[in-house]
Every structure is written in C-alpha cells, then in structure tokens.
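Chains as they are written, first to last, in the numbering used here: chain A, 19 to 272; chain B, -18 to 210.
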C-alpha cells in the first residue's frame, strides 16, 4: 500500500494549478466547498455551475483520467446512499416512471450528489497538483497550530516508511505460508499490527533524539514567506465567487 | 467512510467545526503535558500507525473484508489526548490528500471519530479497568469493550447531527436503528481487532500501552554481583 498509495497522489506538471501557492489553493478550495454547501435547494444552476467548475479544475490539472477515476471512488458509498434516499425519505410522493418516491428525498439526493461531487472534484484537482510538502507548508502559513503542523509533517514523511514496513511484514507472512482468508487469520494480523505499533513508536523516539541532536526547538522553520500577489487571490477565489454570483443573480432576478 | 461536503447543512458543519477546534486546542495543551517535546514525533508516528492500520484488511469471509477504525486503539495505546490529535491529523490528510471526507465536514468528522469515538472508547475502557481485576490480562478485554461501544456511539452521534442538520426528512427512528444495528456488527470487529493488538502488546511491551502503564512496574537497572568462581 505505501508504495501504491502514497507516492502517486501528486502528479508532476506545470499547469496554473501546479504553480499557485499551496496556502492560497487551500483557501480557494475551502471557500469553494463552503459556497457549494451553502447553496440553497433546488440550486439547479449554481450547483450545475459548481459541477462544471469541478470538472474544469480536474481537466486543467492535467492528470490522466484513469488516475482521477480511481480517486473519485471515495465517493461511491455516498452515491449509493443518494440512490437509496428517495425511497426511504418521507414526505410528498412523486412518480418517476413506474416507481413512486419521496419528492423531498429526491431533491436531497440531487443536492447530495451535486454538492459532494463538485467538492470531491475540486479536492482531487488540488491534491494531484500539490505535493504533500507544500500542503504542510501551506497549512503552516495558514497558522495551523505549530504542534499540529509538526505531527502532520511527521505523518506524511513516515507514511511510506511505515507502509513499506507493512509490505515487508506481509511478504514475510506469506512466504511462511500464511493466507488471509477468514476470521481465523485475525490473530496473526492483530499481532502484526502490534509489532507495527512497537516499531512506529520506537522509530518516533529515535527520530526525536536525532532531531534534538540537530537543534530541534519545537517548531518547524518557515521556509517560504514570500507575499502572495493580489492577482493570485483573485485566481483562487474565482470558483467560489462564480458559484455565489450565479446563486445571487438568480435570487435577485424578478 | 467519512461524511462528505453537503451531507449536513452549513450551520451544523460550522458548529461541529468550532467544537472540534476547541477540543483539539485543549488536546494540544494536554498532550504536551503528557509527552512534553516528544509530542510531535510520537504523535506523528502513532498517526501513521493508525492510517496504515486502517489499510490492513481483515477478511470477514465470502470475499469481503473490514478494517480497523482505530479510535479505541489509539486511545488505549497513546492516551485520549494524543489519540484525538492523531485522529484529527489522519482526517486532515484524508480530506486534503485523498478527498475522503469533505473539507467543510472536517469538523464533523473530527467530532465523530476524534472526539466521540476516542472519548467514549476511553471512558468505557477506564470503566472496564475499574470493574475488572487489576491484572495485565484485563487490559485487552477493557479495550475490546471500549472499541465495541465506541463505534455505535459515533454512529448514533452522526444520527443526532443528521437530525439537526440533515438534508432529507428520513424517519429518524429507522435511521438510528439501521445505523445502530450495522455499527454494532462493525463494533464487534473493531472490538476483536483492538483486543488482539492490545493483547499482543501487553504481552510483549506493556510499557508502551498508555492504558496499562499503572500496572507496569518500572524496570530498574539492576547490577548483580558477579559470583567469583
């Protein structure tokens, strides 16, 4: 997993999305998600706009379609929920073809699919264009508490180390004839997790001592404090602004 | 499975966000008291452990498998304050790097898994430790109880949030019953995995298990006199 999962999150490239500073992108992403979530029902046009923006962002990220498709799988459980929703919700009934479903449930289903999908698309566009190091630095510039930033950077830095360790343990298990088939194999897997904890914890201790010997003071140094141009803020806030403008325009139109 | 954007309305998301931020701020202070300046590397590695542990598949049979949620395990192994921080960081990474769980729902997810999941598990674990005999062998059992209760508790907390800020009018009784029933089953798996992991640790390195530290006597360095031949 460490190999398959951690390394291929970010896809190198030189698009506008790659060049924008990480903290500005995070602000843009959060405001976009907030604008989408705050859109009142039915919101056909604003949420349609949001979906188009989401798709456009993903396309502009330049990541291959198969990669994006795999990343979108996280949404599947909620799409299933959205399909079930019209059938279990109460309220006024409406019929589509041969079945009758709940009208408010149907509306909630559309809202859920539109809001969750456009936010997931935008978040995917963000994560394929931003390295994990830049994400940590971006959160640091956004004044996330220093300890949280440090925990986060440790987690990301050691993710593949621990992941590789897990892969080696799996190879060791399987080369001794272990096959993970039923609940009976849980004992072995549980002990594997146990020894992984010991290794992780002791590694944390060793890392700490190594850091102290290199002058660790309790906070990570800030490497990049270059001020961001107004134009950049304009660029990252465009998606949220578009959704809000469309919604506001429709609201005031007689 | 994390709550995505748009599942709960904006007010509920902001409310849980404020709650989560407050608890995380307190946890930061408390964890520093427990681990002093070792907080960052140790909590970071525990977070990695939880994150990687969630990817280890436990086969259930018929081709399906489940995985650990980790709130109870983190609480028993590292203490509840550090566990809240670890779960928070894991959720931030999942939202920002994997688009798993919405960014506006981050507060909701931290509240459900990092606060309700961790603290219910810790509370039940402490209660179990009080009631069970004061032996190392009671620790995995108490941890299993904590893991078992914490999962449906987090699910019911979610139903409560849905009642406040949910999108569709679903009959809450049946939503609570369905969520509760499913998560009791998931809780059984969580209890078993938590007990197995804690059990293996208690028998090898009990000094690393925060929830068992009061039972472990410090191993003093002992220099035995050499008996001359």
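We treat Cβ as the ideally placed atom computed from N, Cα and C, and that holds for glycine.
Predicted, not measured: the structure shown is a model, and the values here were computed from it.
Closer than 8 Å to chain B by CB, residue i
i              : result
residue 126(A) : yes
residue 133(A) : yes
residue 96(A)  : yes
residue 204(A) : yes
residue 267(A) : no
residue 196(A) : no
residue 19(A)  : For residue 19(A), the pLDDT reaches just 35, beneath the cut-off of 50, and the residue's location in the model is therefore unreliable, although a value from the coordinates is still provided. It does; some Cβ of chain B falls within 8 Å.
residue 83(A)  : no
residue 150(A) : yes
residue 3(A)   : In the structure as shown, chain A begins at 19 and stops at 272. Residue 3(A) is therefore absent and cannot be evaluated.
residue 159(A) : no
Partner residues on chain A for residue i, Cβ-Cβ distance less than 8 Å
i              : result
residue 151(B) : 103, 106, 107, 108 and 123
residue 13(B)  : 165
residue -6(B)  : 55
residue 32(B)  : 173 and 177
residue 96(B)  : Chain A residues near residue 96(B): none, gap ~15 Å exceeds 8 Å.
residue 126(B) : Simply none; closest approach about 16 Å.
Local Cβ density within 10 Å of residue i, reported as buried at 16 or more and exposed below that
i              : result
residue 81(B)  : buried
residue -14(B) : buried
residue 110(B) : buried
residue 88(B)  : buried
residue 134(A) : buried
residue 153(B) : exposed
residue 89(A)  : buried
residue 35(A)  : buried
Where residue i meets chain B, residues with beta-carbon distance less than 9 Å
i              : result
residue 226(A) : 18, 19, 21, 22 and 23
residue 261(A) : What residue 261(A) touches in chain B: nothing, since even the nearest Cβ is about 12 Å away.
residue 114(A) : None at all; the shortest Cβ gap to chain B is about 16 Å.
Beta-carbon neighbours of residue i, restricted to chain B and to distances below 7 Å
i              : result
residue 163(A) : 9
residue 27(A)  : 78
Where residue i meets chain A, residues with beta-carbon distance less than 7 Å
i              : result
residue 80(B)  : 89, 92, 138, 141, 142 and 145
residue 181(B) : 208, 209 and 212
residue -14(B) : 51, 54, 55, 133, 134 and 137
residue 28(B)  : 169 and 173
residue 61(B)  : Correct list: empty, because the minimum Cβ distance to chain A is about 16 Å.
residue 73(B)  : 170
Distance between residue j and residue i (C-alpha atoms, nearest Å)
i              : j              : result
residue 62(A)  : residue 110(A) : 20 Å
residue 78(A)  : residue 38(A)  : 13 Å
residue 252(A) : residue 86(B)  : 25 Å
residue 64(A)  : residue 159(A) : 31 Å
residue 267(A) : residue 123(A) : 27 Å
residue 153(A) : residue 271(A) : 40 Å
residue 226(A) : residue 182(A) : 21 Å
residue 195(A) : residue 136(A) : 46 Å
residue 32(B)  : residue 71(A)  : 31 Å
residue 142(A) : residue 76(A)  : 7 Å
residue 8(B)   : residue 66(B)  : 7 Å
Min CB distance residue i to chain A below 8 Å
i              : result
residue 186(B) : yes
residue 64(B)  : no
residue 207(B) : no
residue 37(B)  : yes
residue 58(B)  : yes
residue 193(B) : no
Amino acids of chain B, ordered along the chain, whose beta-carbon sits closer than 8 Å to that of residue i
i             : result
residue 30(A) : What residue 30(A) touches in chain B: nothing, since even the nearest Cβ is about 16 Å away.
Neighbouring residues, chain A, relative to residue i (Cβ below 9 Å)
i             : result
residue 83(B) : 51, 55, 133, 134, 137, 138 and 141
Cβ of residue i within 8 Å of any chain D Cβ
i              : result
residue 180(A) : Absent here is chain D; the protein component of the structure consists of chains A and B.
- Query: Can you find at least 3 beta carbon pairs, one from the segment 99 to 112 of chain B and one from the segment 44 to 62 of chain B, that sit closer than 8 Å?
  - Reply: Output reads yes: the segment 44 to 62 of chain B touches the segment 99 to 112 of chain B.
- Query: When the Cβ atoms of the segment -9 to 3 of chain B are set against those of the segment 140 to 152 of chain B, are three or more pairs found closer than 8 Å?
  - Reply: yes
- Task: Decide if the segment 231 to 247 of chain A is in contact with the segment 156 to 173 of chain A; the criterion is three or more beta carbon pairs, one per stretch, under 8 Å apart.
- Result: yes
- Stretch-stretch touch, CB-based, cutoff 8 Å, three pairs: the segment 185 to 199 of chain B with the segment 208 to 221 of chain A: Yes, the segment 185 to 199 of chain B is in contact with the segment 208 to 221 of chain A.
- At a cut of 8 Å, does the segment -2 to 16 of chain B reach the segment 160 to 169 of chain B through at least three beta carbon pairs? no
- Segment contact flag, the segment 116 to 123 of chain B with the segment 170 to 179 of chain B, C-beta cutoff 8 Å, min 3 pairs: Yes, the segment 116 to 123 of chain B is in contact with the segment 170 to 179 of chain B.
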